[in-house]
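One structure is given here, and the rest of the page talks about it.
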Amino acid sequence: MSYSKEERETLISTDDCMENWSIYTRQRKVMTKLLKLDSFTEVRRETTDEGQLIELEGIIPFKNISFRNLSKISDERKKEMADRMRNVKK
130 MSYSKEERET
140 LISTDDCMEN
150 WSIYTRQRKV
160 MTKLLKLDSF
170 TEVRRETTDE
180 GQLIELEGII
190 PFKNISFRNL
200 SKISDERKKE
210 MADRMRNVKK
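Here this note's numbering is used: the first residue of the sequence shown is 130, the next is one more, and so on.
Put into structure tokens, the structure is as follows:
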């Protein structure tokens with residue numbers, strides 16, 4: 130059994146008392162990334178009868194998740210950067 134696209138979700142939560150993030154996911158990409166982290170502590174996993182991982186739950190330290198602003202580069206600035214890179218390669 131696998132989940133539909135609407136059912137494949139990731140939930141991340143924390144509160145002021147916790148020093149960790151609790152993570153529950155059904156998304157393959159997120160499960161793969163979590164399992165590669167040394168700091169990830171697995172709490173629960175669910176697999177199909179064939180052994181395919183379909184759900185993962187665990188915790189990671191608070192410092193492992195951050196939020197950032199994506200930089201917005203104007204088309205003019207992109208062109209300047211591209212020109213500079215072309216000149217470096219010459």
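Where a beta carbon is used, it is the ideal one built from N, C-alpha and C, also for glycine. Predicted model, so just to flag it, every value in this text is computed and none were measured.
Helix, strand or coil at N198 according to DSSP, with G and I counted as helix: As a first step, residue 198 is located in the sequence shown; it is residue number 69 there, counting from the start. Reduced to three states, the DSSP call for N198 is coil.
Select from Y153, E138 and S133 the residue whose C-alpha is nearest the C-alpha of T170. Start at 1 with the first residue of the sequence shown, and residue 170 comes out as number 41. Selection Y153, E138 and S133 evaluated against T170 yields Y153 as nearest (Cα-Cα).
Those residues which DSSP pairs with N216 across a bridge: Reading the sequence shown from its first residue, position 87 is the one you call residue 216. BP columns for N216 are empty, so no partner.
Given the structure, does E148 come close to the ligand GTP, in the sense that its CB is under 7 Å from one of the ligand's heavy atoms? With respect to small molecules bound, the structure shown includes none, and the ligand GTP cannot be examined in it.
Among the candidates N149, T176, E209 and G187, whose CA atom is the shortest distance from the CA of S195? Mapped onto the sequence shown, residue 195 falls at position 66. When each option's Cα is compared against that of S195, the closest is N149.
Let me know the beta strand (DSSP E) ranges lying completely inside the stretch 142 to 209, each 3 residues or longer, listed in chain order. Counting whole runs of 3 or more residues, the stretch 142 to 209 contains the beta strand (DSSP E) stretches 149 to 154, 170 to 176 and 182 to 190.
Determine the direct distance from the alpha carbon of V172 to that of A211, and round the result to whole angstroms. Here residue 211 is taken as the residue at index 82 of the sequence shown, counted from 1. Here residue 172 is taken as the residue at index 43 of the sequence shown, counted from 1. A211 and V172: Cα-Cα distance of roughly 47 Å.
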